[in-house]
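Colleague: Numbering (the UniProt record's numbering), first residue to last: 1 to 183.
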Amino acid sequence: MKPKEKIILALKELIESSEMPSISTKNIARQANYSEAMIYQNFRSKHELMTSLLNHHKESITAIKNKIDKDSSLSSIKIKNFIKEIFRYAEKNYSFVYLVMFEPRDNSEKDYKTSLDEFNLFLEEIFKDYLKGYVLEPKKNRYPEDTLLNSILIFIYGQFNLYRLDKKKLPSLRLDIRLDKLI
């Protein structure tokens with residue numbers, strides 16, 4: 001495994017092994033069995049490292065979307081399956097939830113906040129793509145596309161926040177909430 005990959009994996013393991021992870025370059029280096037200097041040889045900052053892990057999750061989510069797109073033709077089914085798979089992915093990858101729910105606290109984290117904003121736009125684009133097909137499907141009651149998009153994203157981030165606080169299971173999976181009421 002290349003040093004860069006090992007450092008990203010160490011960050012992921014550090015986040016997932018602790019209730020309140022102390023994410024410092026010192027702790028990441030210790031987890032990876034490297035020196036802090038090795039981290040800075042591969043990443044300019046801790047936030048660049050966190051962005052790299054976020055990008056790893058983005059690639060995984062893209063793979064999930066591609067699989068769902070192959071398996072379903074109806075947009076309503078794609079939306080439901082994508083939400084369920086995102087929740088399953090989040091339960092197996094707490095670092096994903098942690099990074100998405102991470103709140104930049106000051107201007108030194110501006111670059112990470114930009115990456116997080118880009119990630120949120122990436123998720124929005126997936127749902128916008130699905131909703132374009134969904135609004136064309138026959139159904140009696142139909143909400144506007146923007147309303148549906150906001151409802152879906154608020155639902156997902158609300159579940160992530162509850163999971164971030166609980167860290168046992170996503171409430172929607174534990175309670176088997178039916179997405180039919182949302183979509």
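Where a beta carbon is used, it is the ideal one built from N, C-alpha and C, also for glycine.
The model shown is predicted, which means the values in this text are computed figures rather than measured ones.
At the level of alpha carbons, what is the spacing between residue 150 and residue 118?
Modeller: Straight-line Cα distance between these residues: approximately 17 Å.
Colleague: For residue 1, count neighbouring C-beta atoms within 10 Å of its own C-beta (all shown protein chains included) and say buried if the count is 16 or more, exposed if not.
Modeller: Exposed is the call here.
Colleague: Roughly how many whole angstroms lie between the Cα atoms of residue 26 and residue 61?
Modeller: Cα to Cα, residue 26 sits roughly 29 Å from residue 61.
Colleague: What beta strand (DSSP E) runs, 3 residues minimum, are completely inside the stretch 5-45?
Modeller: Runs of the beta strand (DSSP E) inside the stretch 5-45: none found.
Colleague: Do residue 89 and residue 96 have their beta-carbon atoms positioned less than 8 Å apart in this structure?
Modeller: Their beta carbons are under 8 Å apart, which means residue 96 touches residue 89 by this criterion.
Colleague: Which term fits residue 98, buried or exposed, when burial requires 16 or more other beta carbons within 10 angstroms of its beta carbon?
Modeller: Counting Cβ neighbours within 10 Å, residue 98 comes out buried, since at least 16 surround it.
Colleague: Determine the DSSP secondary structure at residue 157, reduced to helix, strand or coil.
Modeller: In the structure shown, residue 157 sits in a helix (DSSP, three-state: H, G or I).
Colleague: From residue 24 to residue 76, what distance separates their C-alpha atoms?
Modeller: Cα to Cα, residue 24 sits roughly 42 Å from residue 76.
Colleague: For the putative contact between residue 10 and residue 31, defined by C-beta atoms under 8 Å, what is the C-beta separation to the nearest angstrom?
Modeller: About 4 Å separates the two Cβ atoms, so the contact holds.
Colleague: Say the cut is 7 Å; is the CB of residue 128 nearer than that to a heavy atom of the ligand MN?
Modeller: Inclusion of the ligand MN in the displayed structure is not the case, the ligand content being empty and no account of it being possible.
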